[in-house]
Amino acid sequence: MDLLSLARTVKHRVEAPLTEALSLARIAADPRNPVLLTLSTALVNPLYRAAFLASAAGSGVLGCLAVRPCDLESLAEYLEVPQEDRPRLRAWLDTGVRLGELGTREGCYRLRSPAARLLALPGNDAVAATLEEILRFHVPVLLDAPRMLTTGRRYSLADQDGTVIARSSLALRAMVEAALDRTLDREGPVRLLEVGCGTGAYVRHAAEANPRLTALAVDLQEDVAARAADNMAAWGLADRVETRQGDLRTLDLQPQFDLVTLHNNIYYFPEEERVQALRRARALLAPGGRLLLTTSCREGGNAGLDVLNLWFTYADFGGPLPRAEELTAQLEEAGFTDVRATRLVPGQPFRAFTGTSDGTPVTDTPVTEAAAGISRTTAARAAAPSAQSL
Amino acid sequence: METRTDSSRTDGPRSGGARAASRPARPAPHADLVLALGQGRATVETAGGKAARLDEMTAAGLPVPPAFCLTTGLFDLFLRETGLAAELRAAEARGADSGTLRDLVLSREIPEALARTVLAAYEELGRPRVAVRSSACREDSAAQSFAGQHDTVLDVSGEEALLAAVRTCWASLWSDRAAAYRENGAAGSIAVVVQEMVHADVSGVLFTVDPVGGRPHRLVVEACCGLGEGLVSGRVSSDFFAIDDRTLEVVEERVRYKVTKCASVTPGTIGMTKVDAADRDAPCLTGEQLTALARLALDVRAHYGTEQDIEWALRDGVLHLLQTRPITTRPRDTPREEPHSPYVSPQPDPVRKGTLWSRMDIGEIFVGLMSPLGLSFARYYQQHVHRDCAAALGVRDTGDVGLHMGYLQGHVYLNISYTAHLLGQCLPTRDQRHFTSRFVSEEADLSTYENPFGTFPGGLEDLLSTLHWVRSTATEMLTMKHRAEEMVTSRLYEFDRARRLDLTRMSRRELHAELARYLDFFHDAHVGYMPYYINAFGFYGVLTELCGKWLGAEGANLQNRLKTDMSSLRTVASAQEIWKVAQAAKARPRVMALIADTPLEEIADRLRADAEGRAFWQAEMEPFLRANGTRSRQEMELTHPRWIDDPSYLFQMIRRYAADGLTAEDIMGRSRARAEGDVLAAVRALPLPRRRTLETVISLYQLCSELRETTRMSMVTSIWLVRNVVYEVGRRLVAEGVLHSPDEVAYLDFEEVRAYLAGTRPARDAFPRTALDERRRLHDYHNRLPEPPLTFIGEHDPTRPARRGAAAAEGARLEGLGSSPGRVVGRARIVEDLVWQADEFQPGEILVTRYTDASWTPLFAIAGGVVTDIGSMLSHSSIVSREFNVPSVVNTKDATQRLRTGDTVVVDGDTGVVEVVETAGADEVAQTTEAASQDPAD
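Protein chains in written order, with UniProt numbering: chain A, 1 to 390; chain B, 1 to 938.
Written out as structure tokens, the structure is:
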């Protein structure tokens, strides 16, 4: 029984004309009532509010209302809601009003709660997207886990909404960029390889920080790489940055790179393949060249990461989030020296790992697609399509 | 002197035919498909252009070596009988690349009947050693056939070798080179010429009209020792003669010192060998020979009725004609068109005529004639790097970059007037004379010189500039040590990185990124180096002044007697390190034997193919190359291979250093030979404040010299990096047939290379052949002009007769600049080609050469004295001589022309005078060289 109908029942019973006193007394004495009340205020209302805010932000309603209060008609127009569905839109909006997130005045909806106002700010889009990601992906894995075990179903890459992930990942942007700024030489010529370039935003950041930098940006997914290439052209970086589809494990290039970066995608490699992937990255580095790997790490005390980790446990690709000390050991096993894990913001589970290649030859050669027997789907397992959020 | 017109050899029926007839006659099948040349039967369609011309020349009674031609009919028959015709068609339809097609032809045996036909003709020729050349039907203009887009196999002897050579020529129809010339359509057919090989003593070309100069009535002759292939590839030096076609008198002559020639090394192999010592500075041709050659040329011209480009060869005094072609391109009126001013853009008269130019001692990486590639790279430097170099010196207003440097006759000049004008912004060079005076030479009279740019504007501008200079100099003093450390680190990083890269496996786009990176590094290395260079110069000037003022006679030349700790100078250390490598080699007899007994060009491969050699390579050579390998001579010239690219010179020096009787003391102990105590005694006697000042200046001078040496390696390494990419592009261009040989990289333009890598244009469009040929002609022209002066004011007319010093008689005195003190008597040895002559040099001899740079250091270590034509007190060579305590006189202008190897001379490094005590006889010249030439590689 859901809580609303329970509440409604309670209300209904209260209004019932007869046997009021008796039933009232019985109901009041029901030991479940205080529990329900507690649940409602402590758990359920915040969840409702969060869900409402996530969808209001994701659909753009918060953005509209941040500009000016809007009536139902203009919102319906903005969301392209057909005439016959407008009462349904009103029902949703009114629920938001009752939850206290929105308000009304003179027939217009407006932002009311501080949370709604904050999330409506354009700069906080990544936070809103993170909220949406939690509700869309984290909540289901918590709900579905036991059932998935009985049905044998697993999440696949298609279960992730790329646009939400892309937006939410920007919540980490400042930290990734800070990590880049610490590692990147600003003056000398630099040759960069970015594995899993996503939109290409981080390559852009690096290219703008060092005007002499040239880069190769690869992404496993053809369409993601194509979009990134378009972005590079739009940013005027096409002559310095070559963007194409590529798989770290099969890249057959000369060891020309001064810096290889992997941002927020190490967990797209199954745990047992990580050392091998890191070894390949090292093989592409010049002697003395460096690797920069950024990722959130598994550690106690962060429920969000635990749930994300749970999600990957129930997915048919990738692997768990790394633990800092495990990844450090893997980097060392892959032949990196001077390996360091740096926490960029105190208290955050996000870390930047750096390692140096001493130039000793990497013995294994790149895996050819045929030899590795990589099919399209298994290739997608190692996908680093766009930066994955925390 | 006779020209061969022996009709019995050239008129048919041939004498060879009679010889064949005397044997058991077995008439060869298809005899009609082979033509003896000289009977006027060879047409372009059946025999190709080359054979048709030879046929006609022979028929005209010209002295052409006997030859026969395998016609296109024979080739077509070969294709039909072997079934290749169909296979090739199928492969072409499949779109197979030319390599595949070539291999198809090369791997096919010539059917027995056809082989007999070929061999019968060979028999008839008398089975001499022959040159086998392809003769294409479409090959026509001189530009195309000069370097030849089809193959030539030289010095072939024996039947098997002949048949193989024929197949090679046939297959060349599908070479990339030939394909590049075919506009479209099928490959067509090909004929082959088999001609008696002339093992020439001297060969060359003759143009019946000056191909570049365009002056009338001049027959122009280029002559080199050995085979003409050396001349064509530009790898040997040649003599130049101009003959008046009316009087047949030699009107101009430029004789070069010729160290190497192209010749048959063993039967069947053509390679580079040394020219006999006695022939090196003598003209290739006598006056009589030149007259005979001129007569022959006039005959040829009269016969054809057009101007001709003639290839000739001289063997045992007999003149042979190898080839003649009409000159189709109109000669360029270069002397009239080519400006006499180095300015790259038009300047007002007073500026153009009043500017002081010098190529003395500018970085020592530019000195000397540069190839078109080298010049275009120098222009890149000027446009993209030079301004920042000036800024790094604390110059506030760096002016117009286009004016800083100029180019004349393939030489790079620094605009001294403009530079002095701008340096007026820096405190130490406010008085322009401080800068200008070091470029004085006898060609330029500075007594009437007035800077056309004037002095730098005074007033506020001046104040701002001075403040700017003070600030940047103060910063420089604080940061210079640290920057040098960083430069060393980044140099090693770039070197290690580049050593791992296989450029042949990189995409065009990746190469583009590589070049951009290297050019950035090149920029930084130059900008970083320049302050050390100029500050060393500045402190040296201050030191000279203070010594003169405070120390008087006692302190004379103190600045030149100072030396730093030897090991701290990178360049000097390179000699030490070769010594160590030589000792390590000596300790492994097997390795030493390999180095001593293998031809130079094979040593590296042989070492690496041998277990012990490999160990030696890893333990000794690699570290050496990492520290020193990117050095070379005239390093801005991209065509010169670096030590790491061609270690021949290193092996020569290892052989030399490992020779018995040479001790470590000879090489390493030199700098300790002179007592150091006396030098500073005078300083110690000074009152304390002066002493302190002087000591500070001394230590700053030493520090800057040391840092300059250290960071110079960064600069040199950056050029090596750029060179690697350019040569990789060159390699691809040769593979694509755009260039005919790797030697032609010299005619690329650096901007073209950059644009090609940055874009997607096909190589043939990006590097137009006409431009390459034009650059080559211009370079050849520059190469034969007298060297332009080191320093001059205004303009220089290259056609003005050059002053040529006569050979110095006994008692003659040559005056120069004493750059390293001491007096020594020794035998002179002229060294023109460092790599080829390094093993001739005897310890204690006086090294006489045009100019030196850092790559000569190992030779300095064993020289008794050093004399150069070009140089200054702060030339690299001067600094290094001082470190080795080798008396040295630089800037003698023409010592290499006036002194001869074997002359006994006194070198006085204090007064700057070289005196000839005893001149060498001709025998002695030969002896001194032969004694040293025990190299089996010769």
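In this text, a Cβ means the ideal position worked out from N, Cα and C, and glycines have one as well.
Bridge partner(s) assigned by DSSP for residue 192(B)
Reading the second sequence from its first residue, position 192 is the one you call residue 192(B). The partner list for residue 192(B) (beta bridge, DSSP) reads 70(B) and 134(B).
Using alpha carbons as the reference points, say which of 406(B), 60(B) and 70(B) lies closest to residue 45(B).
Here residue 45(B) refers to the residue found at position 45 of the second sequence. When 406(B), 60(B) and 70(B) are compared, the shortest CA-CA separation from residue 45(B) is found for 70(B).
What are the boundary residues of the beta strand (DSSP E) that includes residue 217(A)?
For the purposes of this step, residue 217(A) is taken as residue 217 along the first sequence, with counting starting at 1. Taken as a continuous stretch (DSSP letters only), the beta strand (DSSP E) holding residue 217(A) covers 214-219.
Classify residue 209(B): buried if its beta carbon has 16 or more other beta carbons within 10 angstroms, exposed otherwise.
Residue mapping note: residue 209(B) aligns to position 209 of the second sequence, counting from 1. When all chains shown are included, residue 209(B) counts as buried.
Between the beta-carbon of residue 824(B) and the beta-carbon of residue 864(B), is there less than 7 Å?
Reading the second sequence from its first residue, position 824 is the one you call residue 824(B). Reading the second sequence from its first residue, position 864 is the one you call residue 864(B). Yes.
Determine the extent of the alpha helix (DSSP H) in which residue 64(A) is found, giving its start and end residues.
Counted from its first residue, the first sequence places residue 64(A) at position 64. Note, residue 64(A): alpha helix (DSSP H), 61-67.
Residue interval of the alpha helix (DSSP H) (run including residue 643(B))
Here residue 643(B) refers to the residue found at position 643 when the second sequence is read from its first residue. Counting along the chain, residue 643(B) sits inside no alpha helix (DSSP H), nor does DSSP assign it H or E at all.
Relative to the alpha-carbon of residue 394(B), which residue among 866(B), 528(B), 277(B) and 436(B) has its alpha-carbon at the smallest distance?
Within the second sequence, numbered from 1, the residue matching residue 394(B) stands at position 394. Of the residues 866(B), 528(B), 277(B) and 436(B), the one whose Cα lies closest to the Cα of residue 394(B) is 528(B).
Using CA coordinates, which residue listed in 279(A), 142(A) and 188(A) is at the minimum distance from residue 312(A)?
Within the first sequence, residue 312(A) is the residue found at index 312, counting from 1. Taking the Cα of residue 312(A) as reference, the smallest distance to any Cα among 279(A), 142(A) and 188(A) is reached at 142(A).
Is DSSP giving residue 893(B) helix, strand or coil here?
Taking the first residue of the second sequence as position 1, residue 893(B) is located at position 893. Of the three classes helix, strand and coil, the one that applies to residue 893(B) here is coil, per DSSP.
Using the beta-carbon count (16 or more within 10 Å), is residue 816(B) buried or exposed?
For the purposes of this step, residue 816(B) is identified with residue 816 of the second sequence, where counting begins at 1. Burial state of residue 816(B) is buried, judged by a 10 Å Cβ sphere holding 16 or more other Cβ atoms.
Which residue's Cα is closest to the Cα of residue 67(A): 111(A), 136(A) and 289(A)?
Numbered from its first residue, the first sequence carries residue 67(A) at position 67. Ranking 111(A), 136(A) and 289(A) by Cα distance to residue 67(A) puts 111(A) first.
Residue 355(B), buried or exposed, once every other Cβ within 10 Å from all chains shown has been counted against 16
The count along the second sequence starts at 1 and reaches residue 355(B) at position 355. By the neighbour-count criterion, in which a residue is buried when 16 or more other Cβ atoms sit within 10 angstroms of its Cβ, residue 355(B) is buried.
Any beta carbon of chain B sitting closer than 7 Å to that of residue 214(A)?
Taking the first residue of the first sequence as position 1, residue 214(A) is located at position 214. By this cut-off, residue 214(A) is an interface position.
Three Cβ pairs or more, each shorter than 8 Å: is that satisfied between the stretch 599-610 of chain B and the stretch 460-480 of chain B?
In short, these stretches do not touch, since the Cβ pair count stays below three.
So with Cβ pairs under 7 Å, would you call residue 160(A) a contact of chain B?
In the first sequence, counting from the first residue as 1, residue 160(A) sits at position 160. Closer than 7 Å: no.
Residue-level contact to chain B via CB, residue 234(A), 7 Å cutoff
Position 234 of the first sequence holds residue 234(A). The beta-carbon of residue 234(A) is placed no less than 7 Å from the nearest beta-carbon of chain B.
Using C-beta distances below 6 Å, list every residue in its chain close to residue 131(B), excluding the 5 sequence neighbours before and after it, in chain order.
Your numbering for residue 131(B) matches position 131 in the second sequence. Within the same chain, and ignoring the five residues on either side of residue 131(B) in sequence, the residues whose Cβ sits closer than 6 Å to its Cβ are 154, 195 and 197.
Does residue 245(A) get closer than 7 Å to chain B when you measure Cβ to Cβ?
Against the first sequence, residue 245(A) aligns to sequence position 245. Interface criterion not met: the Cβ of residue 245(A) is under 7 Å from no Cβ in chain B.
May I have the straight-line CA-CA distance separating residue 914(B) from residue 846(B), to the nearest angstrom?
Residue numbering aside, residue 914(B) sits at position 914 when the second sequence is read from its first letter. Residue numbering aside, residue 846(B) sits at position 846 when the second sequence is read from its first letter. Looking at the two C-alpha atoms, the distance is approximately 11 Å.
Name the residue from 201(B), 322(B) and 43(B) whose alpha carbon lies nearest to the alpha carbon of residue 63(B).
Stepping through the second sequence from its first residue, residue 63(B) is reached at position 63. Considering only alpha carbons, the answer is 322(B).
Taking the CB atoms as reference points, tell me whether residue 389(B) and residue 480(B) lie closer together than 7 Å.
Taking the second sequence and counting its residues from 1, the one referred to as residue 389(B) is at position 389. Taking the second sequence and counting its residues from 1, the one referred to as residue 480(B) is at position 480. Cβ atoms of residue 389(B) and residue 480(B): not closer than 7 Å.
Is the shortest distance between the beta-carbon of residue 506(B) and the beta-carbons of chain A less than 7 Å?
Looking up residue 506(B) in the second sequence gives position 506. True, the Cβ-Cβ gap to chain A drops below 7 Å.
Have a look at 750(B), 109(B) and 456(B) and flag the residue whose alpha-carbon is nearest the alpha-carbon of residue 376(B).
Here residue 376(B) refers to the residue found at position 376 of the second sequence. When only C-alpha atoms are compared, the closest one is 750(B).
What residues of chain A sit near residue 516(B), judged by a beta carbon separation below 9 Å?
Taking the second sequence and counting its residues from 1, the one referred to as residue 516(B) is at position 516. Neighbours of residue 516(B) on chain A, chain order: 189, 212, 214 and 240.
Can you grab the Cα-Cα spacing for the pair residue 260(B) / residue 836(B), in whole Å?
As a position in the second sequence, residue 260(B) is number 260, starting the count at 1. As a position in the second sequence, residue 836(B) is number 836, starting the count at 1. Answer to the nearest angstrom: the Cα atoms are 8 Å apart.
Using DSSP with H/G/I as helix, E/B as strand and the rest coil, what is residue 919(B)?
Mapped onto the second sequence, residue 919(B) falls at position 919. Residue 919(B) carries a coil assignment under DSSP once its states are collapsed to helix, strand and coil.
Take the Cβ of residue 474(B) as the centre, count every other Cβ of all protein chains shown within 10 Å, and call the residue buried at 16 or more, exposed below.
Taking the second sequence and counting its residues from 1, one reaches residue 474(B) at position 474. Around the beta carbon of residue 474(B), fewer than 16 other beta carbons lie within 10 angstroms, which makes this residue exposed.
Let me see if you follow: with CB-CB separation under 7 Å, is residue 502(B) close to chain A or not?
In the second sequence, residue 502(B) corresponds to position 502, counting from 1. Yes, because at least one Cβ of chain A sits closer than 7 Å to the Cβ of residue 502(B).
Which bits of chain B does residue 288(A) rub up against, with CB to CB less than 8 Å?
Numbered from its first residue, the first sequence carries residue 288(A) at position 288. Within 8 Å Cβ-Cβ: 493, 496 and 497.
So for residue 514(B), helix, strand or coil by DSSP?
For this step, residue 514(B) is matched to residue 514 along the second sequence. Helix at residue 514(B).
Boundaries of the alpha helix (DSSP H) in which residue 99(B) is found, first to last residue
As a position in the second sequence, residue 99(B) is number 99, starting the count at 1. Where residue 99(B) is concerned, the enclosing alpha helix (DSSP H) starts and stops at 98-106.
Could you please give me the residues that DSSP links to residue 36(B) through a beta bridge?
Your numbering for residue 36(B) matches position 36 in the second sequence. DSSP lists 68(B) as partners of residue 36(B).
Using the C-alpha atoms, what's the distance from residue 321(A) back to residue 637(B)?
Walking along the second sequence from the start, residue 637(B) turns up at place 637. Walking along the first sequence from the start, residue 321(A) turns up at place 321. Cα to Cα, residue 637(B) sits roughly 55 Å from residue 321(A).
Cα-Cα separation, residue 179(A) to residue 344(A):
Counted from its first residue, the first sequence places residue 179(A) at position 179. Counted from its first residue, the first sequence places residue 344(A) at position 344. Spanning the two alpha carbons is a distance of roughly 7 Å.
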